[in-house]
Amino acid sequence: MAVLEIYIARHGETEWSATGRHTGNTDIPLTAQGEQKAAALRARLAKVQFDTVFSSPMQRARRTAELAGFPDPTITDLLREVDYGQYEGVTSKAIHEVNPSWEVYSDGSPGGETPAQIYARALQFTALAATSGSRVLAFAHGHILRAIGAAWIHADIKVAGGLMLDVATLSVLQDDGHRLITLWNAS
């Protein structure tokens, strides 16, 4: 059996990610620092030959892909960030003032995606990636990538809440007969 590796890269910093605002459907650019960190991914990724490169349709993910050396990724909505509904643009701190126990992977967002919908999309992406070559690269967003990590190892979606994922980081999922997370949140 051939080994499958899926490299996942979170986009560089945006103004909203720097301030902790949930950024789902709002299409905002990288900051100057975000562009620098995204470009720093290039040296690490240049050493690897990929069969397929995917990206979220959002400009922050596409620009990260471009700066990392992949200007023409295949765009898929499966990698778009979680739809935060009424919590779009709101910080977790502000949400917790109203709903102290809120957690996106347990509760979803009013008017946005449910945990089951997030998980289903994560599973759809892992199935797509598994049929796209032996080495795949995906550029996307923090919450959907954390859900993909949990889905990859067949863990409950709530496990994604315990997976920290900083901006402009790289993680690797592997299947050599056993699904593993072999690298997580590496800068």
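At position 118 of the sequence shown the residue is numbered 190 (the numbering used here), and the sequence of numbers has no breaks.
Yeah, the Cβ is synthetic: ideal placement off N, Cα and C, and Gly gets one too.
In this chain, the alpha helix (DSSP H) harbouring Phe-197 covers 187 to 202.
Bridge pairing for Glu-77: Arg-207, Gln-246 [DSSP]. For Ile-80, same chain residues with a beta-carbon under 6 Å away, outside a window of 5 residues either side, are Ala-210, Leu-217, Ser-243 in chain order. Rounded to the nearest angstrom, the Cβ distance from Ile-253 to Gly-221 is 6 Å, consistent with a contact under 8 Å. Shown here, Val-162 sits in coil according to DSSP, grouped into three states, outside any helix or strand.
With respect to Asp-155, Asn-97 sits close: the two C-beta atoms are nearer than 8 Å. In the displayed model, Ser-127 falls within a strand according to three-state DSSP. Rounded to the nearest whole angstrom, the C-alpha separation of Val-170 and Trp-224 is 33 Å. For His-168, the closest C-alpha among the options Gly-92, Val-239, Thr-124, Arg-134 is that of Gly-92. The beta-carbon distance between Thr-146 and Phe-126, rounded to whole angstroms, is 5 Å. This is short enough to meet the 8 Å contact definition. Under the three-state reduction of DSSP, Ile-147 is assigned to strand.
Non-local C-beta neighbours of Pro-143 in its own chain, meaning closer than 8 Å and more than five positions away in sequence, comprise Ala-137, ordered along the chain.
Taking Leu-151 as reference, the option from Arg-82, Ala-104, Ser-128, Leu-237 with the minimal CA-CA separation is Ser-128.
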